[in-house]
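Okay, so here's the structure we're looking at.
2 protein chains.
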Amino acid sequence: MPITTAKTSPRQRLLDAANELFYAEGIHSVGIDRVIAQAGVAKASLYSTFGSKEGLVCAYLDGRHEIMIGRLRAAVEQVDDPVEKMLAVLDGQAAHFARPEFRGCAFVAAAAEAPAEGEIAEATARYRNEVRSLFAQLATEAGIANPEQLADQLRLIYDGGSLAANLDHNPAIAASARAAARILIDAAPRVAAS
Amino acid sequence: MPITTAKTSPRQRLLDAANELFYAEGIHSVGIDRVIAQAGVAKASLYSTFGSKEGLVCAYLDGRHEIMIGRLRAAVEQVDDPVEKMLAVLDGQAAHFARPEFRGCAFVAAAAEAPAEGEIAEATARYRNEVRSLFAQLATEAGIANPEQLADQLRLIYDGGSLAANLDHNPAIAASARAAARILIDAAPRVAAS
DNA sequence: CCAGGACTAGACAGACCTGTCTGTTCAATG
DNA sequence: CATTGAACAGACAGGTCTGTCTAGTCCTGG
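Residue numbers (numbering that gives the first Met the number 0), protein chains in the order written: chain G, 0 to 193; chain L, 0 to 193.
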């Protein structure tokens, strides 16, 4: 059994190529042929591994899901104060804006290109729910009386920030987003103090 | 000279068909043939009128631009208080969410499908700038000390709301958006009172 | 050594796309 | 009436796409 494959596996090379090409240029604009060329893999390998282009797209989205949520959680864990943890989510996002390859939210882009119902829409919904749950959990830990509502509002800012950073080529929007989030958090009622 | 054409002009029928099909299903998913079939127009008419598919897409976006901005301005003019005017923009947007044909922001969808630079991206940028300018103008009239920053923040909410209403199938997000906007407006410093 | 599975290379089918081009119809105008 | 221009209908070219299939290669376990 191969403990280390010399090169990375075809599966991984396909995912890497998909991540790079689909994210940079869009799913519709990038054909299968370009993905396999970039991955250095035969077309049959793609279809035996992922079944279809949509299967590859879903795997690409699932990969980004794990990476993005991981980054957000890592940013959260770097601070202790519960309020700062909520803001740290936005800081993790802001670091994402600053990357040169940033091209907006992969899930928003994928959902815009895919039919309204289907596996891609479901992958998008999973990601969006997880971001919202993260905000809600942190709001609960911070003693917010209505954590679900604050989570909705913080995710408005999260989503709007991603859109503006991309479409307006303005990563500095993160500062306004953070300031707005702090105002909303400060204004949110707390549970009755003990 | 025809004062009234019996049917609407081919140009208008094409725009109507484009508006319906591109918005409902996406630009890439709808081919020229379906547009002309729905419009009841010959292909040559499309190409002599708009030059290319991209030309038709731009005209479709420009049409939505005028309609959307018009709706927002109409909502603004229904109230007098400067603070309420800012909130009225979101109310105009919320009415848009409630329409059965609502499928998210046409400009966000178009930008996601189009290359990052080009006429479609420019049409998107024009729309986004106009929304932002509207918020900034109203903030100025309301005596906000830093209207540009508040406009950025309100547009975060505007954009995030559109995304959530569409991707989460949750038009009720408008209530959270309005509440958040009010908090941000109330918290924004005013110019020194006379 | 050999058998079997994984992978590669690339042709191919069938569908769809945009954009062009050729004719035809029809109404308005000179 | 004759002409002209707009619009129609639809074939066509040239390209791209997904997904399938054939055939060959390589590596590993037995």
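Even glycine gets a Cβ: it sits at the ideal position worked out from N, Cα and C.
Of the residues G:Phe21, G:Ala174, G:Leu149, G:Lys52, the one whose Cα lies closest to the Cα of glutamate 118 of chain G is G:Lys52. In the same chain as lysine 84 of chain G, and ignoring 5 residues on each side of it, the C-beta atoms closer than 7 Å to its own belong to Val75, Val78, Leu137, in chain order. In the DSSP assignment, proline 146 of chain L falls within the unbroken alpha helix (DSSP H) covering 146-166.
If the five residues before and after alanine 73 of chain G are omitted, its C-beta is found closer than 8 Å to the C-beta atoms of Gly91, all from its own chain and listed in chain order. Spanning the alpha carbons of glutamate 19 of chain L and phenylalanine 101 of chain L requires a straight line of approximately 11 Å. With fewer than three CB-CB distances shorter than 8 Å, the stretch 125-145 of chain L does not count as touching the stretch 141-153 of chain G. Take the alpha-carbon of glutamate 112 of chain L and the one of isoleucine 172 of chain L: they are about 25 Å apart. Of G:Tyr126, G:Ala164, G:Gly50, G:Ala108, the smallest CA-CA separation from histidine 95 of chain G is found for G:Ala164. In the DSSP assignment, arginine 189 of chain L forms a beta bridge with L:Ile143. For threonine 48 of chain L, the uninterrupted alpha helix (DSSP H) run begins and ends at 42-49, by DSSP. Bounds of the alpha helix (DSSP H) holding aspartate 32 of chain G are 31-38.
Taking C-beta atoms under 8 Å as the contact rule, glycine 103 of chain L and serine 47 of chain L fail to qualify, at a distance of about 32 Å.
For proline 9 of chain G, the enclosing alpha helix (DSSP H) covers residues 9-24. For valine 107 of chain L, the C-beta contacts it makes with chain G under 8 Å involve Val107, Ala111, Leu162, Leu166, in order along the chain. The closest CA to that of methionine 67 of chain L, considering only L:Tyr22, L:Val190, L:Ala41, L:Tyr126, is found on L:Tyr126. Per DSSP, reduced to three states, the secondary structure at histidine 27 of chain L is coil, with no helix or strand assignment. Straight across, the Cα-Cα distance linking aspartate 32 of chain G with alanine 16 of chain G is about 11 Å. Taking a beta-carbon distance threshold of 7 Å, leucine 14 of chain L does not count as an interface residue toward chain G. Separation of cysteine 57 of chain G and glutamate 140 of chain L (C-alpha to C-alpha, rounded to the nearest whole angstrom) is 48 Å. The continuous alpha helix (DSSP H) containing glutamine 92 of chain L extends over residues 81-97. Close to glutamine 148 of chain L, with beta-carbon spacing below 7 Å, are these residues of chain G in chain order: Ser175.
By the Cβ-count criterion, serine 175 of chain G is buried, with 16 or more other Cβ atoms from all chains shown falling within 10 Å of its own Cβ. When the alpha-carbon of valine 88 of chain L is set against those of L:Arg98, L:Gly69, L:Pro99, the nearest one is in L:Gly69. About 24 Å separates the CB atoms of alanine 120 of chain G and leucine 155 of chain L; that is not less than 8 Å, and the two are not in contact.
Arginine 12 of chain L and proline 114 of chain G have their alpha carbons spaced roughly 25 Å apart.
No residue range can be given for valine 78 of chain L, since it is assigned to no alpha helix (DSSP H) and is classified by DSSP as neither H nor E. Taking the Cβ atoms as the reference, alanine 144 of chain G lies roughly 14 Å from valine 82 of chain G, outside the contact range of under 8 Å. The residues Ala108, Glu112, in chain order, have a CB closer than 8 Å to that of glycine 25 of chain G in the same chain once the five nearest residues on each side in sequence are set aside.
Within the same chain, Cβ atoms closer than 6 Å to the Cβ of phenylalanine 106 of chain G are found at Thr123, Tyr126, the five residues on either side in sequence being excluded. Across the structure, alanine 38 of chain L and arginine 98 of chain L are spaced so that their CA atoms are roughly 23 Å apart. Within the same chain, Ala105, Phe106, Ala109, Ile119, Ala122, Thr123, Tyr126 come within 8 Å of leucine 60 of chain G by CB-CB distance, once the 5 residues on both sides are set aside. The three-state secondary structure of glutamate 100 of chain G, taken from DSSP, is coil. Within the same chain, Cβ atoms closer than 8 Å to the Cβ of arginine 177 of chain G are found at Leu86, Leu89, Asp90, Ala93, the five residues on either side in sequence being excluded. Residues of the stretch 48-79 of chain G with a Cβ closer than 8 Å to any Cβ of chain L: none.
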